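Please read the structure below before turning to the comments.
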Amino acid sequence: MENILIEKQDNIAVITINRPTKLNALNKATIQELHDGFKTLNDDKSVKAIIITGSGEKAFVAGADISEFANFSVEEGGKLAAQGQELLFDFVQNLSTPVIAAVNGFALGGGLELAMSCHFRVASTNAKMGLPEVTLGVIPGYGGTQRLAQLVGKGRAMELIMTASMIDAETAKNYGLVNHVVLQEELLDFTKGIASKIANNSSVAIAKAIQAINANFEDGINGFAVEIENFGACFGTEDFKEGTTAFLEKRKANFPGK
Ligand code: COA
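Just so you know, we're using the numbering used here here: the sequence shown kicks off at 166 and counts up by one.
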């Protein structure tokens, strides 16, 4: 991998996007590497949570790589968005392993879209977030028009996208775009702390919960029906047996993840 680093410690993996001289902008190669990295980690049952962050102190990701698409045609533009959404943004959203974005600086355009594809976000105090695509004569194409409205509401999404404004971490927290704001030097440890809590719980149940929560945002799918189905399915798992047995035996559960 040329553009990303993957580090595993205990049962938590950290993916670092590593193009600091380009503020970690997402070029085609990085998107493919991220897809491959997420897939490998998701297939590794010892990995219970994934954190994604950017290298350097300045940026999480400053957007899609503008130099790559500046000369694209209508057809190529459409293909860029479709391929990116399939390979990375929808892929991350639907991953069964929890993914947390540790937003360590600028998260702009595709960078904010990547953070919004993650299951939730933690930001450092210096983080700045926005979807500035209209300043380039284009709109967000990696799910930003949909996910920003889902996370912060339609009116705020409209204003942020139309004005191309950046918001700071505190405002993002007030909007519900990020869950926590911490100092940059504490960001990774703080996020790992949340990941460890997740890692103690049933990974099978968590995967079912992610799927049920996501179902609320999918057209033509009844989220309540998905919840009922996934709730029932949990009763057939070894994790459920272990979780309930441990409770009744007044001990901590040791989930097999099956
Ligand atoms: N695509 C490609 N390259 C990018 C990039 C992007 N989205 N964002 C930053 N870079 C590159 C710059 O071109 C520059 O490269 P260079 O040193 O080879 O010239 C390098 O990263 C550093 O960026 P620079 O603009 O010099 O840093 P800055 O501190 O002055 O400004 C930003 C930081 C984030 C405000 C500014 O880089 C920016 O506006 N980036 C684009 C944001 C954007 O519109 N994203 C949406 C894309 S759809």
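Virtual Cβ for every residue (Gly too), placed ideally from N, Cα, C.
Predicted model only: the values in this text are computed from it and were never measured.
Hey, is D230 close to the ligand COA, as in C-beta under 7 Å from one of its heavy atoms?
In the sequence shown, counting from the first residue as 1, residue 230 sits at position 65. Between the ligand COA and D230, a heavy atom-to-CB distance of less than 7 Å is present.
Could you pull the start and end residues of the alpha helix (DSSP H) that K373 belongs to?
For the purposes of this step, residue 373 is identified with residue 208 of the sequence shown, where counting begins at 1. Counting along the chain, the alpha helix (DSSP H) containing K373 begins and ends at S368 to A380.
Hey, how far is the Cα of L191 from the Cα of E233?
On the sequence shown, residue 191 is found 26 positions in, with the first residue counted as 1. On the sequence shown, residue 233 is found 68 positions in, with the first residue counted as 1. E233 has its alpha-carbon roughly 10 Å from the corresponding atom of L191.
Would you kindly work out how many angstroms separate the C-alpha atoms of N344 and F285, rounded to a whole number?
Along the sequence shown, read from residue 1 onward, the residue named residue 344 stands at position 179. Along the sequence shown, read from residue 1 onward, the residue named residue 285 stands at position 120. Straight across, the Cα-Cα distance linking N344 with F285 is about 7 Å.
Proximity winner among A178, G202, N176 and Q174, relative to E167 (alpha-carbon distances)
Taking the sequence shown and counting its residues from 1, one reaches residue 167 at position 2. Residue nearest to E167 within the set A178, G202, N176 and Q174 is G202 (criterion: CA-CA distance).
Do you know whose CA, among I304, T290 and S289, lies nearest L296's CA?
Indexing the sequence shown from 1 puts residue 296 at position 131. If we check each option's Cα against that of L296, I304 comes out closest.
Touch check for the region 208-223 and the region 168-188: three-plus C-beta pairs under 8 Å?
Enough Cβ pairs lie closer than 8 Å, so yes.
Local conformation of H284 per DSSP, three classes:
For the purposes of this step, residue 284 is taken as residue 119 along the sequence shown, with counting starting at 1. H284: coil per DSSP, three-state reduction.
Do V346 and A288 have their CB atoms nearer than 8 Å?
Here residue 346 is taken as the residue at index 181 of the sequence shown, counted from 1. Here residue 288 is taken as the residue at index 123 of the sequence shown, counted from 1. In this structure, V346 lies near A288, with their beta-carbon atoms less than 8 Å apart.
First and last residue of the uninterrupted alpha helix (DSSP H) at T356:
Translated into the one-based positions of the sequence shown, residue 356 becomes position 191. Element bounds for T356: L352 to A364.
Can you determine whether any heavy atom of the ligand COA sits closer than 7 Å to the C-beta of P297, and answer yes or no?
The residue given as residue 297 occupies position 132 in the sequence shown. Remark: the shortest separation between the CB of P297 and any heavy atom of the ligand COA falls under 7 Å.
For G274, which of E407, E383 and V299 has the nearest alpha-carbon?
As a first step, residue 274 is located in the sequence shown; it is residue number 109 there, counting from the start. Of the candidates E407, E383 and V299, the one whose C-alpha sits nearest the C-alpha of G274 is V299.
Note down the Cα distance separating K281 from I171, rounded to an integer number of angstroms.
As a first step, residue 281 must be located in the sequence shown, where it is residue number 116. As a first step, residue 171 must be located in the sequence shown, where it is residue number 6. According to the sequence displayed, residue 281 carries Met and not Lys. A straight-line Cα-Cα distance of about 20 Å links M281 and I171.
At a threshold of 7 Å, does K187 count as lining the ligand COA (C-beta to nearest heavy atom)?
Against the sequence shown, residue 187 aligns to sequence position 22. Checking the Cβ of K187 against the ligand COA gives yes.
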